[in-house]
Amino acid sequence: MYLCIHRLSCLLLSYLARLSPSLGYLSPYFKNTLVNGLDKFSDPNYVSIFDTTLRDGEQAPGASMTATQKMDIARHLVKLGVDVIEAGFPASSEVEFELVKCIAHEIGNSVDEEDYVPMICGLARSTKEDIDRAWESLKYAKTPMIHMFISTSDIHMILY
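Residue numbers (mature numbering (1 follows the signal peptide of the UniProt record, and there is no 0)): -24 to -1, 1 to 136.
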């Protein structure tokens, strides 16, 4: 299901970018959408990489990374050419907020000779506070992206 929704959103963004790049809300750095004259997101063989290592990689018990380690991983993800780097969950703590902001500033502005720059993404619950917090940390990137989710658990629906 996620893959289908993600492909649909990529196709929509790609269509909008071609329709009117002057709309102002789409970054000119929307990663190399044309490859050999063809829009890669409409290519059914193109695999878009959405990496969650910096956020989800710390979910395992005992797994944690320092800010330096996360920045190093982000730099390596750029070298690998991933499309989207989910930098973290900015609303979860001030430390996480500052780290996502740092990644947005440095990694989200590191355009290479092929005009490649990854989308820098932050995770947010579907609440105004989380979305605002995510935007405040991501707005410095050339291609910011907010990855929103909503819980389906009755307990989480009541609490959040």
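Note that the Cβ used here is the ideal one computed from N, Cα and C, for glycine as well.
In the structure shown, Ile61 adopts extended strand secondary structure according to DSSP, grouped into three states.
Close CB contacts of Cys97 within its chain, under the 8 Å cut and outside five residues either way in sequence, are with Phe26, Val60, Ile61, Glu62, Ala63, Leu114, Pro120, Met121, Ile122 and His123 (chain order).
According to the DSSP assignment, Ile96 belongs to the beta strand (DSSP E) that extends over Met95 to Arg101. In the DSSP assignment, Ile49 falls within the alpha helix (DSSP H) that extends over Ala43 to Leu56. Pro120 has Ile96 as its beta-bridge partners, per DSSP.
A Cβ-Cβ contact shorter than 8 Å links Leu30 with Ala50.
Annotated three-state conformation of Asp88 is coil, per DSSP.
Annotation: Ala117 to Glu82 spans about 8 Å, alpha carbon to alpha carbon.
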